[in-house]
Amino acid sequence: MHIPHSLAQIQSASLPETTDVAIIGSGITGTSVAKFLLEGRPDTHVTILEARTLCSGATGRNGGHLVTFGGAGYSALKAQHGADEAAKILKFAQDTCDQLLETAKEMARDESEIRPVTRVRAFGDAESLEEVKRSVAAYELDHPAMRGRFEFIDGKQALEVQRFGNHHVAGAALFPAAALWPYRFVLKVIEHLRNIYSARLSIEANTPVTDVQYLPDLRVSHPYALRTPRGNIYARQVVYCTNGYTSHLLPELRGRLFPKRATMTVQDLIGLAPNRGDSTSWNLHQKARYDPNIDAILNGSYYLQQNANSGFFFFGGEAQIAHTALTSDDTNASAVSVQHLVDKLSEFFGIEHENNDALVSSWSGIMGFTPDSLPLAGKLPSSITLRDGDGEWIAAGFNGGGMCLCWRVGEAIAKQITVETCPIGFLRPSLCPRCA
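Numbered by the numbering used here, the letters in the sequence shown go through residues 1 to 436 in order.
Next comes the structure, spelled out in structure tokens:
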């Protein structure tokens with residue numbers, strides 16, 4: 001059962017009239033931007049604006065996986081961007097995981113239940129397994145420092161109960177990762193920021209931004225007018241951390257950034273599978289396919305962690321037809337998808353259940369996807385905002401893999417705002433090139 005944080009609905013008695021930086025979105029990206037802005041410039045006032053309760057979007061709904069399996073995506077990235085750039089992208093993701101792991105330990109160890117785990121990335125078919133093996137081999141050949149990070153096991157080894165007890169897989173890759181409770185982590189960080197920077201931080205839950213305008217003649221120092229049901233707030237700069245919802249405010253991004261819904265379940269296998277939550281998390285990958293029996297597309301990607309305290313399994317994935325998946329509505333979960341996840345988890349561990357008694361709860365969440373599977377991060381050009389002025393920024397479109405990107409993307413955006421340059425090892429400075 002989800003228990004909202006005491007700050008979940010916090011807002012000022014009245015909306016601030018002005019702010020230096022308005023951050024739209026209170027998930028992990030928006031929280032990161034706020035943290036590094038407040039730490040980096042002592043004269044900056046920051047306002048976080050959230051349409052619903054704090055951290056109620058993708059961050060608060062995801063499976064809690066702090067992981068990047070860089071080698072699996074290396075070949076595709078290399079073909080698109082070259083070996084050097086592909087390695088930089090993968091290093092950025094791994095560095096983000098490492099930094100977020102340490103931050104969670106420091107700021108929210110107990111609340112977030114952060115813990116290192118071995119990631120078991122299982123493959124349901126031999127072709128997918130071999131494709132990933134080739135990609136990892138290319139990664140290690142081009143970048144020898146990464147050798148030894150990945151271990152492959154076959155289906156028989158994956159099935160061994162004393163190891164993982166995973167059924168119907170061709171094999172798996174093992175590598176270091178971490179698991180946590182993202183909602184609790186983010187709310188603990190927000191609580192910390194509020195305690196330290198209360199004079200410079202406004203947090204406005206249940207305050208949806210419905211429109212952004214550039215009005216320098218009205219307010220020279222704070223030219224951006226953000227309209228909300230509680231009134232307008234005027235800002236020097238605006239940061240969009242709205243992921244799959246971004247095109248509502250930036251219509252020119254439609255087609256470049258689009259929402260996609262996924263389903264999460266919590267299941268209790270009532271002791272029929274051991275509790276490995278303090279040591280293991282899983283992915284299951286197989287070819288996407290249409291299943292005529294349930295009239296749905298199985299996207300072939302599943303993600304699983306186990307709570308080390310309760311033993312409950314947090315299992316996500318999707319089985320939907322396109323028009324129900326490509327939506328920004330997270331108020332319900334597809335019944336077909338939920339049932340598929342119940343069946344799939346039991347199948348994965350070779351367990352039979354009666355009367356679907358494994359299901360504890362279910363929900364959906366909206367992710368932001370881009371055509372090239374890379375996020376949009378940086379300063380927005382006027383060709384997208386359709387406004388004069390150069391004070392609008394974006395950090396969105398994480399393609400379902402935001403936990404290994406968002407934190408340092410947020411830091412990079414904040415540092416570009418505060419010191420007007422992009423730190424070495426972060427993102428390329430200048431406009432967000434793929435928005436133009």
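Glycine included, each C-beta is placed from N, C-alpha and C at the ideal position.
With respect to Thr242, Ala377 sits apart: the two C-beta atoms are not nearer than 9 Å.
Here Ile270 is exposed: its Cβ has fewer than 16 other Cβ atoms, across all protein chains shown, within 10 Å. Contact between Ser337 and Ala358 is ruled out by a C-beta separation of about 15 Å, above the 8 Å threshold. Judged by their CB atoms, Phe150 and Phe69 are nearer to each other than the 9 Å cut-off.
Three or more beta-carbon pairs separated by less than 8 Å link the stretch 117-124 to the stretch 274-281, which places the two stretches in contact. Within the same chain, Cβ atoms closer than 6 Å to the Cβ of Asp142 are found at Ala83, the five residues on either side in sequence being excluded.
Counting the other Cβ atoms within 10 Å of the Cβ of Ala172 gives 16 or more, which makes it buried. His45 and Glu113 have their C-alpha atoms roughly 31 Å apart. Straight-line measurement puts the Cα of Gly27 at about 33 Å from the Cα of Leu129. If you draw a straight line from the Cα of Ser364 to the Cα of Arg408, it comes to about 26 Å. Rounded to whole angstroms, the gap between the alpha carbons of Cys406 and Gly25 is 12 Å. Contact between the stretch 69-80 and the stretch 45-57 is absent, with fewer than three C-beta pairs closer than 8 Å.
Cβ-Cβ distances below 6 Å link Gly350 to His167 in the same chain, with the five nearest sequence neighbours on each side left out; the list follows chain order. Bounds of any beta strand (DSSP E) do not take in Met107; it lies within the alpha helix (DSSP H) bounded by Ala83 to Ser112. Using a 10 angstroms sphere on the CB of Lys260, the tally of other CB atoms reaches 16 or more, which defines it as buried. Uninterrupted alpha helix (DSSP H) stretches at least 4 residues long and entirely within the stretch 258-300 do not occur.
Following the DSSP letters along the chain, one finds Asp211 in no alpha helix (DSSP H) but inside the beta strand (DSSP E) bounded by residues Asp211 to Tyr214. In this structure, DSSP gives Ser198 a state outside helix and strand, which the three-state scheme calls coil. The alpha-carbon separation between Gln286 and Asn299 amounts to approximately 8 Å. A residue is called buried when at least 16 other Cβ atoms come within 10 angstroms of its Cβ; Ala325 meets this threshold and is buried.
Tyr224 and Met107 have their alpha carbons spaced roughly 33 Å apart. Spanning the alpha carbons of Ala308 and Val209 requires a straight line of approximately 38 Å.
For Gln237, the three-state secondary structure derived from DSSP is strand.
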